[in-house]
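Residues in the sequence shown are numbered consecutively from 37, following our numbering. C-beta atoms are modelled at their ideal positions from N, C-alpha and C, and glycine is treated no differently.
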Amino acid sequence: MSAVQSVGPQALPALQEQVEQILAEAKRQGASACEVAVSLEQGLSTSVRQREVETVEFNRDQGFGITLYVGQRKGSASTSASGPEAIRETVAAALAIAQHTSEDEASGLADAALMCKELRDFDLFHAWDITPSRPSNRHCVAKPRHSRPTVASRTPTARRSIPTRAAGSTATATVLSAVMHRPATVSVA
């Protein structure tokens, strides 16, 4: 498996540059206002059957949601591609939608004075150094068919369980996500 750049704060400058390109393209194509939502996720899932690792899946997803306005008309489109052609096509799609919608006097971006100027650091990113071989070392329990497997996230002060689907004694647990603070384990409630 080749090395993959981690999802984290170090990715923000590149994402900011792509957002700036999208905003410039929206302006170039005639939008009067535009907002962009960015999503960047990385994860590793392990499927366990009868205490044996069955599959290990790695994912890395990126997406841009573009909402633009032509006067008081609104159009939205999204893409998972980030190249110049994808940006042009996605902005054009949102613009086409906006041109076919009705004017809405309540539609549009908030006044610039009300917009957030500084982003606070909520300390939400906590990297978890993990490789595909490590999830197989997590404590995975496969109990009789009538048991209901759960994914448990253990913290010093709380335990949170999320039910998963089971086929026989198979349980699938996502053991890593970009926002996870602690390792997850499969347990039976």
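- Take the alpha-carbon of residue 88 and the one of residue 77: they are about 27 angstroms apart.
- A direct Cα-Cα distance of roughly 34 angstroms separates residue 148 from residue 163.
- Judged by beta-carbon spacing, residue 130 lies within the 7 angstroms limit of residue 104, meaning their Cβ atoms are closer than that value.
- With respect to the 7 angstroms criterion, residue 108 and residue 141 are classified as neighbours on the basis of their beta carbons.
- When only Cα atoms are considered, residue 69 and residue 153 end up about 17 angstroms apart.
- Proximity to residue 44 across 59, 139, 96, 114 peaks at 96, based on C-alpha coordinates.
- Exclusion of the five residues before and after residue 93 leaves 81 as the residues of its chain whose Cβ lies within less than 6 angstroms of its Cβ.
- Annotation: the continuous alpha helix (DSSP H) that includes residue 131 extends over 120–135.
- Closest in alpha carbon position to residue 53, among 64, 67, 66, 72, is 72.
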